[in-house]
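Novice: Below is a structure I'd like to ask you about.
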Amino acid sequence: MPYHPFRATVVSTQRLSPNFQRVRLSGLKYMGPRGHIHDLRIKLIFPGPSGLVEFPTDTQENWFEVWQSLDPATRGAMRTYSVRELDRDTGILTVDFVLHTAPGQAGPACTWASSATPGDDIYVVAPSADDESGPGIEFQPADANEVHLFGDETALPALARIVDEWPKTLTGTIHIEVPTAADRQEVNAPPGVSIEWLPREDAQLGALLIEVLSRHRGLPSPAPETEDAPDPDILWETPAFSSSGEEIDPRTSGGAYWWIAGESGVVKHMRRMLVRGAGIPRSQVSFMGYWKRGAAEG
C-alpha cells in the first residue's frame, strides 16, 4: 500500500470564515509526492477516547490492517481530506476543515479541528516523499487545451491547490459553491482562468453548481436530488478508473477536461448532464463524490 501513517503535531489553528478552520501540522518532511500536489487526498486519524493510537515502526506497510484490528470504540476516527499546502522545507502541512455547524452535524473531524491546540498530535496517512506513482491525485488534464472545475465547499482546498499549481498552458473556468458569501477565500487565478464563487445561502445544496453547468453546456437544468432521497452510492470516476467497474474508452487528444467534486448525489447528477446530456466522453472527466448526504461527515 503506497500510503503510510506519519505522526504530526499541531503548529497553529485559524478560523478562516464561518465554515472553515485551518490547521497547520509539523513533522511531515518525508511526506510526498515531491512533484505537484494538485488534489492529493490524504487521510487523518484522530485521537479516540484513550488518545491517539500507536503504530509500531514495523507496521508501516500494513497500518490499515493494524488500525482495523483495534477496538472501534477507542481507536479514533479516520477521514479523508485534501492537502491545501505543503512546505517541503519545513515539513509543515496545511489542512482546511469544513465545519458542520448545524446542530447534530458536528462529527469527530470538525470537532477536533475546532478545539485543536498547538502540541496536539494526529496521524496523517499519505504517500512518502519518494513515491512517484502519484497516488491520490485525480486532476489529470493530460493534453487538454481547456479545463473546467466544479466543486462544493469540501472541494475548495483541492481546487485552491490546483489553482496554485495550474499548468501554464491551460485556460479554463473554476466554479466553487460555498455555504455563505463570507466563506469566500483569496484564490489567485492565473491568466486565462476565471473563478466564480457561488454562495449557497438558502439555496439547495448543489443547485448553483448544476445551474452553472447547465448554462455552460446549454442543457436543461433539472433540480438536484432532494435531501429526502439521497443518492445511495459514492461516485468515483476518472479517466483511468471507475468505481462502478465500467470500462472507459481510451482518451482522445486535446479538447476539454472536466473535474467535478463534492456531494455524491450532486456529482452523479452533473455526470449525467455531461456524459449523457452533452455527450462528453467519460475519458475526459473526473467525477469524485467527496461525501454523501445522510452519511457520516467530518
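The opening residue of the sequence shown carries number 1 in UniProt numbering; numbering runs sequentially from there.
Quick reminder that beta carbons are idealized off the backbone N, C-alpha and C, glycines included.
Bear in mind the structure is a predicted one, so any value in this text is a computation, not a measurement.
1. Could you tell me the boundaries of the alpha helix (DSSP H) in which G151 lies?
2. Could you give the distance in angstroms between the alpha-carbon of A158 and the alpha-carbon of W291?
3. If you reduce the DSSP assignment to three classes, tell me which class S283 lands in.
4. Please check the pair V193 and R184, which I expect to be a contact at CB under 8 angstroms, by giving their CB distance rounded to whole angstroms.
5. Counting pairs of beta carbons, one from the stretch 12–27 and one from the stretch 76–95, are three or more of them closer than 8 angstroms?
6. What is the DSSP secondary structure of D183, reduced to helix, strand or coil?
7. Whole angstroms is fine: what's the gap from V11's alpha carbon to G119's?
8. Give me the DSSP bridge partner(s) of P250.
9. So, at 6 angstroms on beta carbons, what are the nonlocal neighbours of T57 in its own chain, with the 5 sequence-adjacent residues on each side left out?
10. Please work out which residues of its chain come closer than 8 angstroms, Cβ to Cβ, to G51, disregarding the five sequence neighbours upstream and downstream, and give them in chain order.
11. Applying the criterion that 16 or more other CB atoms from any shown protein chain within 10 Å of the CB defines a buried residue, is Y81 buried or exposed?
12. Relative to the C-alpha of P281, which residue among R271, S128 and E165 is closest?
13. I need the straight-line Cα distance from L149 to E132, nearest angstrom please.
14. Consult DSSP for A256 and reduce its assignment to one of helix, strand or coil.
15. Check for me: the beta strand (DSSP E) holding R215 runs from which residue to which?
16. Could you check whether R217 and A126 sit closer than 8 angstroms to each other, using their CB atoms as the reference points?
17. Quick check on the DSSP output: what are the complete alpha helix (DSSP H) runs of length 4 or more inside the UniProt domain "FAD-binding FR-type" (3–142), in order along the chain?
18. Report yes or no: do three or more beta-carbon pairs, one from the stretch 62–74 and one from the stretch 159–174, lie closer than 8 angstroms?
19. What's the call for Q284, buried or exposed, on a 16-neighbour Cβ count within 10 Å?
20. Cα separation between E211 and E246?
21. Counting only the same chain and skipping the five closest in sequence on each side, list residues whose C-beta sits under 7 angstroms from that of A116.
22. I need the straight-line Cα distance from V267 to D87, nearest angstrom please.
23. Closest to A8 by CA distance: which of P18, K29 and P2 is it?
24. How far does the beta strand (DSSP E) with residue 323 in it extend, from its first residue to its last?
25. In or out: S253 buried (at least 16 other Cβ within 10 Å) or exposed?
26. Return helix, strand or coil for P157, following the three-state DSSP convention.
27. In this structure, how does DSSP classify G289 when only helix, strand and coil are distinguished?
28. What does W166 pair with, by DSSP beta-bridge criteria?
29. P250: which of W258, Y257 and A240 sits nearest, CA to CA?
30. Would you call D152 buried or exposed, if buried means 16 or more other Cβ atoms sit within 10 Å of its Cβ?
31. Near T74, which residues of its chain fall below 6 angstroms by C-beta distance, leaving aside the five closest residues on each side in sequence?
Specialist: Inspection of the coordinates gives the following:
1. Here G151 belongs to no alpha helix (DSSP H); instead the beta strand (DSSP E) covers E146 to G151.
2. 14 angstroms
3. helix
4. Wrong, their Cβ atoms sit about 16 angstroms apart, outside the cutoff.
5. yes
6. helix
7. Going by C-alpha positions, V11 is about 7 angstroms away from G119.
8. Its beta-bridge partners do not exist; DSSP assigns none.
9. none
10. none
11. buried
12. The candidate whose alpha carbon is nearest that of P281 is R271.
13. 25 angstroms
14. strand
15. Element bounds for R215: not the beta strand (DSSP E) but the alpha helix (DSSP H), A207 to R217.
16. no
17. 63–69 and 108–115
18. no
19. buried
20. 28 angstroms
21. V10, T13 and V23
22. Taking the straight line joining both Cα atoms gives about 31 angstroms.
23. For A8, the nearest C-alpha among the options comes from K29.
24. There is simply no residue 323 to check, as the chain begins at 1 and stops at 298 in what is shown.
25. exposed
26. helix
27. strand
28. Looking at the DSSP assignment, W166 forms no beta bridge with any residue, so it has no partner.
29. Ranking the options by Cα distance to P250, first place goes to A240.
30. buried
31. The beta carbon of T74 lies closer than 6 angstroms to those of G48, P49 and S50 in the same chain, with the five residues before and after it left out.
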